[in-house]
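Chain order of the listed sequences is A and B. For the first sequence, the numbering used here assigns the number -2 to the initial residue and increments by one for each residue that follows. For the second sequence, the numbering used here assigns the number -2 to the initial residue and increments by one for each residue that follows. Note that the Cβ used here is the ideal one computed from N, Cα and C, for glycine as well. Everything numeric in this text was worked out from a predicted model, so none of it was measured.
2 protein chains.
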Amino acid sequence: MNRQSLVEQIKKKKSYLCVGLDTDPDKIPAHLKQRPDAVLAFNKAIIDATLDACVSYKINTAFYEAMGPRGWEIMEETVHYIPSTHLKIADAKRGDIGNTSSQYAKAFFEALPFDAITVAPYMGADSVQPFLEYDNKWTIVLGLTSNKGAADFELQKMGEEYLYEKVMKTVASWGNPGNLMFVVGATQAEAFSAIRSWLPDHFFLVPGVGAQGGSLREISEKALNKDAGLLVNASRAIIYASEKEDFAEEARIIASQYQAEMSNYLQ
Amino acid sequence: MNRQSLVEQIKKKKSYLCVGLDTDPDKIPAHLKQRPDAVLAFNKAIIDATLDACVSYKINTAFYEAMGPRGWEIMEETVHYIPSTHLKIADAKRGDIGNTSSQYAKAFFEALPFDAITVAPYMGADSVQPFLEYDNKWTIVLGLTSNKGAADFELQKMGEEYLYEKVMKTVASWGNPGNLMFVVGATQAEAFSAIRSWLPDHFFLVPGVGAQGGSLREISEKALNKDAGLLVNASRAIIYASEKEDFAEEARIIASQYQAEMSNYLQ
């Protein structure tokens, strides 16, 4: 999916919501657990319920890998189920030497039909570039993450800049706002204005709203640009909105609340 | 596998060789390619041929993920085939917020029987700690990698130190030499003496010998300690030693050459 199509979807839906499918088999409703295809059935119900409120789905690969080989199949079946109107993100945090990153790109952009993948920047340019070589695909590089551990390295100074700042500015030169996004955690709201000032055009994938406590209002006020330029992810707050048979309906309600709030900020 | 067992194997085999199973379906010998289980048959033949010369196998997850869901099964069947005398490393470069890293740890240490996993440090302590919580398992954190891109961030100064130095010293405080190793690329030989001086006891997983050009002699002279303290990986130089039917025999010859050279350095 290219940038034009993504921006069209955002304007049409009045939403920049991404729904995170961090599906833990232990947390799905009891009435589904007995089914052999419980996780897939859960994902399909969540997708059906939230399609109108969001523009993207983010599949957290860890939760599928933890299920063993069948988990990789469920991930494949889930990503195939997401319609082409929605940006399909593999939240995989990959990155390795060039010939290995090429294999990861093949895994997520060819063997699986993802539109985007999250990538860790530590190993530098040749670990990121193989992902950028694909047309109409997105590489989403970690900038400033939402977790407490961001303080250990990302928020340490490298010369006059924070490491995350050095990383984002350097990585920005390897791609362009049509094939490169950055992860910026919603819990880092005080940094959003500065980040938007150096990167006026890029999309930021923003986790950390909901269970992690970030403020949708604050990050929207600081970082929306003319194309929105944000994809705000909520996972647990939506997919585990209810533990009962009404889980999909409750997920729809929470996703619609995010969409309604976003619609206001987009005006 | 705990440290005592690993060191016993190194002393018994007179080897600190790790064989990297970066198996690319396009590069396996023609006579195997027709078989439906070609990659698994290739891996088993390489393992049978190199068992006596090495103490560890490293499975590069990217190559298996690139095959789709069947690749994850082949990875599982391969790791089950490796005997318990050998340290089984998932070269996966994972790392995410705490609840996600816990899922990755579950994927590689419970759903799959790996002894060790490589982890990227960018996101800080809570992205690494879930892996360290497992007894008799190893977390192998990226320090100074073998690729050209190491210059982009790892070799930039953070205060008085290089980033990789800050990372290795900080991460060392999160674990101990019995559950934590570091990746240090063989192409970074000039840095090995200094790294060994700050971390006298830790094992280093050293890729980059062979196809990437690092010198086994130089890194061994600079960084062997009383328990060896090194696991030197070769992948392409061993597994693709021949493209013909004799591939396993040629792999055995190359692996034995590394073992013989290591045996000299261990004295």
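If one requires a minimum length of 3 residues, the beta strand (DSSP E) runs lying completely within the stretch 10 to 59 of chain B are 14 to 18, 53 to 57, in chain order.
For TRP69(B), the C-beta contacts it makes with chain A under 7 Å involve PRO66, TRP69, in order along the chain. The Cβ atoms of TRP171(B) and GLN209(B) lie no closer than 8 Å to each other. In the DSSP assignment, ASP123(A) falls within the unbroken alpha helix (DSSP H) covering 122 to 129. LEU227(A) sits close to ALA220(A), with the two beta carbons spaced by under 8 Å. Between MET155(A) and chain B, the shortest Cβ-Cβ separation is below 8 Å. In chain order, GLY121, ALA122 make up the part of chain A whose C-beta sits under 9 Å from the C-beta of ALA148(B). For LEU177(A), no Cβ of chain B is located within less than 8 Å of the residue's own Cβ.
LEU29(B) and ALA248(B) have their C-alpha atoms spaced approximately 16 Å apart. Residue state for LYS154(A) is assigned as strand, using DSSP reduced to three classes. Assignment of PHE111(B) by DSSP, reduced to helix, strand and coil, places it in the coil class.
Taking 8 Å as the CB threshold, SER143(B) lines the interface with chain A. Here the alpha carbons of LEU139(B) and LYS145(B) stand approximately 15 Å from one another.
The beta-bridge partner set that DSSP reports for MET259(A) is empty. ARG91(B) is bridged by DSSP to VAL116(B).
Within its own chain, the residues whose Cβ lies closer than 6 Å to the Cβ of GLY211(A), once the five positions on either side in sequence are excluded, are ALA183, THR184, GLY205, listed in chain order. In the structure shown, TYR159(A) falls within a strand segment according to DSSP collapsed to helix, strand and coil.
VAL181(A) is not a Cβ neighbour of PHE200(A), given a cutoff of 8 Å. At a cut-off of 8 Å between C-beta atoms, ASP93(B) counts as an interface residue with respect to chain A. Here PRO118(B) is buried, its C-beta having at least 16 other C-beta atoms within 10 Å.
In the three-state DSSP reduction, TRP135(A) falls in the strand class (E or B). Residue environment analysis places ASP45(A) among the exposed positions, since fewer than 16 neighbouring C-beta atoms fall within 10 angstroms of its C-beta.
For the options TYR237(A), LYS134(A), LYS11(A), PHE60(A), the alpha carbon positioned closest to that of ILE114(A) is the one of LYS134(A). The three-state secondary structure of ASN230(A), taken from DSSP, is strand. In the three-state reduction of the DSSP assignment, MET178(B) falls in the strand class, which pools E and B.
Taking all protein chains shown into account, TYR78(A) has fewer than 16 neighbouring C-beta atoms within 10 Å of its C-beta and is therefore exposed.
Contacts between PHE60(A) and chain B, judged by CB atoms closer than 8 Å, involve THR97, GLN100 in chain order. Residues of chain B whose Cβ lies closer than 7 Å to the Cβ of VAL164(A) are, in chain order, PHE150. Per DSSP, reduced to three states, the secondary structure at ILE79(B) is coil, with no helix or strand assignment. By the Cβ-count criterion, PRO33(B) is exposed, with fewer than 16 other Cβ atoms from all chains shown falling within 10 Å of its own Cβ. Proximity to THR167(B) across GLY175(B), LEU196(B), THR20(B) peaks at LEU196(B), based on C-alpha coordinates. Listed along the chain, the chain A residues whose CB falls inside 9 Å of the CB of LEU160(B) are TYR119, PHE150, GLN153, MET155, LEU160. At least one CB atom of chain B sits nearer than 8 Å to the CB of ASN57(A).
With respect to the C-alpha of ARG0(B), the residue from LEU263(B), GLY175(B), GLU215(B), ASN261(B) having the closest C-alpha is GLY175(B). The C-beta of LEU139(A) comes closer than 8 Å to at least one C-beta of chain B. Taking the CA atoms as reference points, THR97(A) sits about 22 Å from MET165(A).
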